[in-house]
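Undergrad: The opening residue of the sequence shown carries number 119 in the working numbering; numbering runs sequentially from there. Questions regarding the structure given below will be posed in turn.
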Amino acid sequence: MAEDNIEKMIRSHLVRVDTYDAMDAPETLAGESGIALENIIKLNGNENPYGGSPLAVKAVSEVPLHIYPDPHQASMRKSLSQYTGMGEENIVVGAGADELIDLIFRLFISPGDIILDCEPTFGMYSFCAGLAGAEVHYVQRDSEFQISPASIKSAITDSTKLIFITSPNNPTGNVALEQDIVEILKTGLIVVVDEAYFEFAKTSVQDLVNTHENLIVLRTMSKWAGLAGLRVGYGIMSPTIARYMMEIKPPYNVNVAAEAALIASLQDSNYLLGNVEKIIDERERMFHLLSEVKGITPWPSDGNYLLCEFGEKEAVRVFKELASKGIFVRNFKSERLENFFRIAVGKPEETDLLIDALEQIM
Ligand SMILES: Cc1ncc(COP(=O)(O)O)c(C=O)c1O
119 MAEDNIEKMI RSHLVRVDTY DAMDAPETLA GESGIALENI IKLNGNENPY
169 GGSPLAVKAV SEVPLHIYPD PHQASMRKSL SQYTGMGEEN IVVGAGADEL
219 IDLIFRLFIS PGDIILDCEP TFGMYSFCAG LAGAEVHYVQ RDSEFQISPA
269 SIKSAITDST KLIFITSPNN PTGNVALEQD IVEILKTGLI VVVDEAYFEF
319 AKTSVQDLVN THENLIVLRT MSKWAGLAGL RVGYGIMSPT IARYMMEIKP
369 PYNVNVAAEA ALIASLQDSN YLLGNVEKII DERERMFHLL SEVKGITPWP
419 SDGNYLLCEF GEKEAVRVFK ELASKGIFVR NFKSERLENF FRIAVGKPEE
469 TDLLIDALEQ IM
């Protein structure tokens, strides 16, 4: 069958979808740069340079692979309830926070509905909006990348259904003020506060879930717990939304390895939070070192990454030169971030190599 016949059968809004700009695998980066895999410095995914907990690695190796996971997520919800202090009935686990974002669209969005995205921010919300046939209205953050409740409120129309707020924001690194989130919750629309980097920022609005039925807080095990490759995250929300989300999710959405790793990681949270402290210390050291390189302005961050600002047209050149030396950072398509890129915090030796390379390039 010819390709245009297939196209006619694909849902019209998906024929030319604006796809998610995902990172290439380390092997691909090595192949493209001609640099050996073991010499690649991968600082483009906000991944945890210390990996997962040894207890999680052991748990994954021991899990029976031939049995389906628990569709009710009972053990994971219990462990997460102890870790977060929220009720088990408030928690839903997903194959990464990414799956929960998709489930939120499935639950609340019909084609033609509108979501509000506070730009610049994480690209997954607008990507999922495209898949759901929703329209994205972009509300620009201010010059310090803070959200403005007044601008958000004035962007609301009768078709607006969801408002996404990332805190700390990816890629800008700043936390949203709780009073601003409370103000936005008063609109009564569903407000998603994505706290993927909560453990690095140590500030959360999760308690507001008890008083605001329209709030969903997202978290992930990818960053602080080093489980990005296993894909596991969770949401904290009212028991009503959680019940609906449990009903519509794929029954076995979180695989048994991810389930075992999540539970073992939470048992080993002191070890993992120790690694978080190392990353925070390294972030501050890297911020200081980057500030001393001529032509680079790092922005302060509460995440495990730093957004760096460059002079006109410099970001692309520096990005490419770093890549040719096997150092990969994250650049952006958005116009507002054309003079920026984001660097994940790695191990101290990676920071040192990065700074050496930047000093040569600049
Ligand atoms: C703000 C934000 N939310 C969600 C995610 C996705 O998390 P997960 O790996 O759990 O899908 C990321 C990953 O980079 C992120 O930066």
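Where is the CB? At the ideal position from N, CA and C, for every residue including glycine.
Rounded to whole angstroms, how far is the Cβ of SER171 from the Cβ of ALA343, which I believe are closer than 8 Å?
TA: Contact holds; Cβ gap of about 7 Å.
Undergrad: Is MET404 near ligand 1, in the sense that its beta carbon is under 7 Å from a heavy atom of that ligand?
TA: Flag unset: Cβ of MET404 not near ligand 1.
Undergrad: For GLY429, which option in VAL411, LEU345 and ASP420 has the closest C-alpha, if you only look at C-alpha atoms?
TA: Considering only alpha carbons, the answer is VAL411.
Undergrad: With burial defined as no fewer than 16 other Cβ atoms inside 10 Å of the residue's Cβ, what is the status of ARG195: buried or exposed?
TA: Answer is buried; the Cβ neighbour count reaches 16.
Undergrad: DSSP three-state label for PHE459, please.
TA: In this structure, PHE459 counts as strand in the three-state DSSP scheme.
Undergrad: Residues in the same chain with beta-carbon distance under 8 Å from PHE316, minus the five sequence neighbours each way, listed in chain order, please.
TA: Hits under 8 Å: SER322, ARG337 and TRP342.
Undergrad: In the DSSP output, what is TYR256 paired with across the bridge?
TA: Note: TYR256 sits in a beta bridge opposite ASP235.
Undergrad: Determine whether the beta carbon atoms of ASP420 and ALA346 lie at a separation below 8 Å.
TA: No, they are not a contact pair.
Undergrad: Have a look at GLY306, ALA360 and ASP325 and flag the residue whose alpha-carbon is nearest the alpha-carbon of ASN332.
TA: That would be GLY306, whose Cα lies nearest to the Cα of ASN332.
Undergrad: Is any heavy atom in ligand 1 found nearer than 7 Å to the beta carbon of PHE240?
TA: The answer is yes for PHE240.
Undergrad: Taking Cβ positions, are LYS465 and PRO144 nearer each other than 8 Å?
TA: Not a contact, by the Cβ cut-off of 8 Å.
Undergrad: Of the residues ILE479, PRO418, VAL394 and GLU150, which one's Cα is nearest the Cα of ALA433?
TA: The candidate whose alpha carbon is nearest that of ALA433 is ILE479.
Undergrad: First and last residue of the beta strand (DSSP E) that includes ARG337?
TA: Its beta strand (DSSP E) spans residues 333 to 338.
Undergrad: With DSSP run on the structure shown, which of helix, strand or coil describes GLY169?
TA: Residue state, collapsed to three classes: coil.
Undergrad: Quick one: is the Cβ of GLY214 within less than 7 Å of any heavy atom of ligand 1?
TA: Checking the Cβ of GLY214 against ligand 1 gives yes.
Undergrad: Which residues bound the beta strand (DSSP E) around LYS279?
TA: Counting along the chain, the beta strand (DSSP E) containing LYS279 begins and ends at 278 to 284.
Undergrad: Can you tell me whether VAL293 is buried or exposed? The criterion is at least 16 other CB atoms within 10 Å of its CB, across all chains shown.
TA: Burial call: buried.
Undergrad: At a cut-off of 7 Å, is SER340 close to ligand 1 when judged by its beta-carbon and the heavy atoms of the ligand?
TA: Checking every heavy atom of ligand 1 against the Cβ of SER340, one is found closer than 7 Å.
Undergrad: Given the structure, does GLY306 come close to ligand 1, in the sense that its CB is under 7 Å from one of the ligand's heavy atoms?
TA: No; taking the cut-off as 7 Å, the Cβ of GLY306 has no heavy atom of ligand 1 nearer than that.
Undergrad: Going by Cα to Cα distance, which pick from LEU326, GLU217, THR290 and THR278 is closest to GLN297?
TA: Selected option, being the one with the closest Cα: LEU326.
Undergrad: Keeping to the same chain, check which residues put their C-beta closer than 6 Å to that of GLU165; ignore five residues upstream and five downstream.
TA: Same-chain partners within the cutoff: ALA346.
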